[in-house]
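Before any comments, here is the structure.
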Amino acid sequence: MSKHMRRDERNQANKSLAPPIFQTATFTFDGSDDLAAFHSGETGAFFYSRYGNPTNEAAERRLALIEGAEASLLYASGMAAVSSVFLSLLAPNARIVIPQESYRHTRDIAEGLLTRYGVRVDIPAENTAVSLEALPDGPVRVLFAEIPSNPTLRIPDIAKMAEWARLRNARFIVDSTIATPALFRPLEHGADLAIQSATKYIGGHNDVVAGAVSGSRDIIDALREQQALLGSILGPQEAFLVDRGLKTLELRVRRISDTALKLAEFLEGHSRVSRVYYPGLESHPDHARATEYMSAFGGIISFELDGDPEIADELVNVLQIPVFAPGFGGTESQVEHHVKMAYADIGTEGAENRGVSAGLIRYSVGLEDFEVLRDDLGEGLKKL
Ligand code: PLP
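Under my numbering, the letters of the sequence shown match residues 70 to 453, in that order.
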């Protein structure tokens with residue numbers, strides 16, 4: 070299937086090339102015959118923006134092409150996408166298996182919310198991002214994975230996990246926010262649904278919070294019906310930004326990945342750096358799998374410095390180019406001392422219990438020139 074939009078697939082309203090932003094809550098009808106025609110499904114018209122909006126539909130069509138999916142659905146955030154998928158597929162006593170190293174709030178939803186509704190949440194002690202042996206026996210309704218995982222960028226064996234799920238009649242859900250559909254398309258490897266925090270590389274400019282789910286038309290239709298009830302829709306302005314981001318996604322992610330690989334190599338060779346986690350490096354435990362699955366290795370590098378974990382603070386403070394901010398995937402490089410930025414509420418010990426080391430620095434590479442980022446890191450490391 071081509072990921073490029075053909076002429077006849079484009080939004081044709083007034084021959085506008087960019088999709089118009091339909092900033093409307095509701096849609097009008099000519100009279101009761103027109104309303105009846107709408108309800109019979111003859112017109113394909115819109116009704117009320119909680120049920121659908123043409124701007125969102127344009128972005129969803131583009132994302133579906135890029136994900137290789139029958140259909141996609143936008144959400145108000147990545148978390149809205151994750152929580153809605155969980156709510157739609159799970160019920161009391163159903164079991165979900167999620168890896169230890171999942172995005173922390175995905176884990177929080179599972180442990181904090183799903184358990185309240187009687188869902189059985191299984192987080193194997195061993196990181197199931199990698200080890201199939203850690204997966205439990207018995208019936209499972211949902212198997213969840215992230216590619217690459219966050220923050221140590223492990224690459225799960227997606228094909229084997231898909232087979233494992235298929236044999237148990239479980240749904241296999243893959244959050245590929247960090248890989249993006251430019252580098253890895255989960256549905257082509259047996260996943261039932263691919264989830265994106267479109268806030269990251271898809272939006273790509275740190276100016277929109279959005280999420281998306283892609284998969285078969287049946288599952289997406291069911292999620293759309295549920296979304297009309299739960300109300301977790303994306304506004305049309307944001308949908309426009311997602312659509313615009315999708316147009317340059319591949320270009321940005323490839324350039325970012327090229328720079329990230331060179332920076333990871335630079336860091337690995339630096340005497341003050343004790344460990345670098347980047348799937349493009351041969352030293353990464355999943356390098357072979359990353360090479361098999363991904364067409365480039367993405368924009369996130371995690372690393373640790375030689376010495377006391379607190380030294381991570383010193384480096385993030387002296388760097389001049391990357392912004393010191395939560396999140397990743399934008400045009401500007403971003404850096405964070407990960408436990409302090411993302412685990413402040415549960416502290417270093419809580420983060421370490423979840424497998425995140427105290428001194429870990431997460432660096433999201435942006436579109437700046439490699440030499441500029443390298444020199445900034447080199448100067449910063451010299452000052453420690
Ligand atoms: N999934 C992953 C892998 C993430 O990194 C994030 C956010 O960082 C999310 C989901 C949640 O996305 P959002 O911030 O758009 O709600």
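C-beta atoms are modelled at their ideal positions from N, C-alpha and C, and glycine is treated no differently. As the structure is a computational prediction, the values presented were derived from the model and not from experiment.
Residues that DSSP places opposite residue i in a beta bridge
| i | result |
| --- | --- |
| GLU373 | ARG344 |
| VAL282 | LEU142 and ILE264 |
| GLU405 | ARG431 |
| ARG164 | ARG189 |
| LEU212 | VAL166 and PHE241 |
| VAL392 | GLN403 |
| THR95 | TYR117 |
Residue i CB to nearest heavy atom of the ligand PLP below 7 Å
| i | result |
| --- | --- |
| MET363 | no |
| SER352 | no |
| ASN125 | no |
| TYR120 | no |
| ASP414 | no |
| ASP276 | no |
| THR328 | no |
| ASP244 | yes |
| ILE247 | yes |
| THR175 | yes |
| MET148 | yes |
| TYR186 | no |
| GLY396 | yes |
| ASN219 | yes |
| TYR505 | The structure shown does not extend to residue 505, since the chain spans only 70 to 453, so no value can be given for it. |
| SER152 | no |
| SER266 | yes |
| GLU437 | no |
| GLU195 | no |
| GLU215 | yes |
| GLY259 | no |
| GLY280 | yes |
Given residue i as reference, the closest of the options once Cα atoms are compared
| i | options | result |
| --- | --- | --- |
| LEU330 | LYS229, ARG443, ALA420 and GLY147 | ARG443 |
| ALA145 | PRO354, ALA365, SER371 and LEU299 | LEU299 |
| LYS409 | LYS84, ARG119, PRO378 and VAL311 | PRO378 |
| PHE98 | ARG423, GLN92, PHE115 and ASN83 | PHE115 |
| PRO305 | PHE91, ILE289, PHE253 and GLY398 | PHE91 |
| GLY367 | ASP375, LEU453, GLU448 and VAL434 | VAL434 |
| ARG454 | GLY449, GLY447 and ASN422 | Not covered by the structure: residue 454. The range shown for the chain is 70 to 453. |
| SER326 | THR249, ARG237 and LYS316 | THR249 |
| SER153 | LYS452, ILE165, GLN295 and GLU111 | GLN295 |
| LEU318 | LEU156, PHE253, ALA381 and ASP382 | PHE253 |
| ASP261 | ALA281, ALA267 and ALA239 | ALA239 |
| THR462 | ASP102, LEU156 and HIS274 | No answer is possible for residue 462: it lies beyond the span of the chain, which begins at 70 and ends at 453. |
| PHE439 | LEU332, GLY259 and GLN265 | LEU332 |
| ALA49 | GLN169, ARG164, LYS451 and LEU292 | Outside the displayed range of the chain (70 to 453) lies residue 49, so it cannot be described from this structure. |
| VAL209 | GLU232, ILE165, GLN169 and GLY113 | ILE165 |
| ALA267 | LEU142, ILE167, ALA281 and HIS258 | ALA281 |
| GLU111 | MET363, ASP102 and SER118 | ASP102 |
| GLU351 | GLU334, HIS339 and SER343 | GLU334 |
Sequence-distant residues of its chain with Cβ nearer than 8 Å to residue i (five each side left out)
| i | result |
| --- | --- |
| ASP287 | none |
| LEU315 | ALA128, ARG131, LEU132, ILE135 and ILE271 |
| ALA228 | HIS258 and GLY259 |
| ARG323 | ALA251 and ALA365 |
Same chain, Cβ closer than 7 Å to residue i, neighbours up to 5 away in sequence not counted
| i | result |
| --- | --- |
| GLU437 | ILE390 and SER402 |
| ASP276 | LEU310 |
| ASP312 | PRO88, ALA127, ALA128 and ARG131 |
| TRP341 | Here residue 341 is Arg; the residue named in the question, Trp, does not match the sequence. Cβ within range, chain order: LEU374, ASP375, LEU450 and LEU453. |
Same chain only: Cβ atoms within 6 Å of residue i, ignoring 5 sequence neighbours per side
| i | result |
| --- | --- |
| LEU134 | LYS72 |
| ALA420 | VAL408 and TYR412 |
| ALA234 | LEU212 and PHE241 |
| ARG321 | GLY273 |
| TYR346 | THR221, LEU222 and SER371 |
| TYR158 | Looking at the sequence shown, residue 158 is not Tyr but Leu. Same-chain partners within the cutoff: VAL211 and ARG240. |
| PRO205 | ASP191 |
| PRO161 | GLY187 |
| GLU383 | LEU453 |
| THR417 | VAL408 and ALA427 |
Proximity test, residue i beta-carbon vs the ligand GTP heavy atom, cut-off 7 Å
| i | result |
| --- | --- |
| THR184 | The ligand GTP is absent from the structure shown, which contains only the ligand PLP. |
Subject >> Stretch-stretch touch, CB-based, cutoff 8 Å, three pairs: the region 360-376 with the region 423-433 >> reply: Because the criterion of three Cβ pairs below 8 Å is met, the region 360-376 and the region 423-433 touch.
Original post:
Any contact of the region 204-220 with the region 237-249, i.e. 3+ C-beta pairs under 8 Å?
Top reply: Touching, yes.
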